[in-house]
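Structure, as structure tokens:
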Amino acid sequence: MKVVILCGGRGTRLGDVAENKPKPMVPIGPRPLLWHLMRYYAHWGHNEFVLCLGHKGEIIKDYFVNYKMRTTDLTVTLGRESKIDYHGPDADTPWRVTLADTGDNAMTGARIKRIQKYVAGEKNFFLTYGDGLSDVNLKALLAAHESHGKIMTLCGVHPTGRFGEILSDNRGRVIEFHEKPKSGGGRVSGGFFVCRQELFNYLEDRDDLVFELGPMSRLARDGQLMVFEHDGFWQPMDTPREFAALNALLDEGKAPWMIWR
């Protein structure tokens, strides 16, 4: 199943950490956070990705175009019969990556709308942000989504109140969605979604369309947004402190998302 990842963020709150690079390319250990996220999906058998590029998207394009060169030893033969011989395994997994330029200044809703053609024919697809990691059970998330037949399922987690709060009934149906409430005791959106094609009926191709405002609220009002509760690890990377925390987990060998090891 295809995985759509929003990769257009500027990472302004990360300061020097994200200087001269798009937010998903900030390194966690020797690899970008985006690689960790994709490797996580690949562990669950999802190897087709659509990356919604924006700010400095050419850096992400360069990374994948030269991926084999970056991840293996190689021997370069110069002269008339120049060639490159690669040594070791080809890659971590047979990924198929579509790199879609969705606009330098586009908001999240516009970016999703503009990759519609790349997921055409897919009954369902995963959707996530390129700046957070989790150990959410993707098989269980997908099963929950398929069980109710609604347009979208989001992963509900329990972190700070600066994320979009969700209120749900005892059947898991989201009845209200509030983007970044000032306070609240409920779960918040963890940014891991499963979507049906009908999601695109809630989106418009205009730069200022914020997915988390109008579209998600309308889905909730229409009874088309469900929550999958996740009580395990989830960590966004919005600040230097969160960047340091993710790297510390990796350095200490305690990275919960690296279940492929």
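In the numbering used here, the protein residues as written are 3 to 263. Where is the CB? At the ideal position from N, CA and C, for every residue including glycine.
A distance below 8 Å between beta-carbons, with the five flanking residues on each side excluded, links G225 to the following residues of its chain, in chain order: K152, R175. Unbroken alpha helix (DSSP H) stretches of 4 residues or longer found wholly inside the segment 20-64: 35-45, given in chain order. Ranked by how close their Cα comes to the Cα of H150, the residues L129, N107, L227, G234 have L227 in first place.
By the CB criterion at 8 Å, D133 and I261 fall outside the cutoff. V229 sits buried, since 16 or more C-beta atoms from the chains shown fall within 10 Å of its C-beta.
Taking the Cα positions, V196 is about 12 Å away from I7.
Going by DSSP, I114 is part of no beta strand (DSSP E) but of the alpha helix (DSSP H) stretching over 110-115. A straight line joining the alpha-carbon of Q118 with that of F202 spans about 7 Å.
Out of T130, I61, M109, P32, the CA that lies nearest to the CA of D210 is found in M109.
Rounded to whole angstroms, the separation of the alpha carbons of Y88 and F213 is 42 Å. Rounded to whole angstroms, E124 and A112 show a C-alpha spacing of 19 Å.
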